[in-house]
Amino acid sequence: MSSTYEPDYVHDQAEQSDSGDRSLGSLVSSLTSDMSKLMRQELTLAKAELREEAKEAGKAAGMLGGAAFAGWMTAIFVSVTLMWLLDKVMDLTLAALIVTLVWGIAAAVLGLGGKKKLQSINPKPEQTIDSLKEDAQWLKAQKN
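First residue of the sequence shown: 30, per my numbering; consecutive thereafter.
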């Protein structure tokens, strides 16, 4: 998405420089038409920005879900194997406790990584907000 978004009304403004010869009704009609076009463009921009952020959030959620499932399956099989190995040198209960602590640490690392990824997502449509500020300035100029 381009960061130099320029609404169509900027180009239309040059064509309407002869507005001194137009009637008040024509000017109001033109302004209403421009506002309608402007609002449609702003909504389109906001939808595009929000869609992009939602896509990133979906990726992050998918990564967290995949990590959780893979971690769960790995934890089950590796835990059983590790407990059997440790059972050779210590009590099975102590072996199970050690394995549980290892997987608790792994879960914490994965959870913190996913949280960091989700915090990097910006749900606010920055370009739309900037564009709306420009539109407000344009409207003030049109009133004068």
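From the three backbone atoms N, C-alpha and C, an ideal C-beta is built for every residue, glycine too.
Distance check for residue j and residue i, CA to CA, integer angstroms please.
i: residue 172; j: residue 83; result: 37 Å
i: residue 101; j: residue 91; result: 15 Å
i: residue 32; j: residue 71; result: Low per-residue confidence applies at residue 32: pLDDT is 49, beneath 50, and the placement is therefore not dependable enough to give any value.
i: residue 141; j: residue 56; result: 57 Å
i: residue 163; j: residue 134; result: 50 Å
Between which two residues does the alpha helix (DSSP H) holding residue i run?
i: residue 172; result: 155 to 172
Which residue from the options puts its Cα closest to that of residue i?
i: residue 125; options: 137, 109, 97; result: 109
i: residue 77; options: 166, 165, 155, 169; result: 155
By the 10 Å Cβ neighbour count, where 16 or more other Cβ atoms means buried, how is residue i classified, buried or exposed?
i: residue 120; result: exposed
i: residue 160; result: buried
*Along the chain, which unbroken stretches of the alpha helix (DSSP H) at least 4 residues long are found entirely within the segment 87 to 141?*
none
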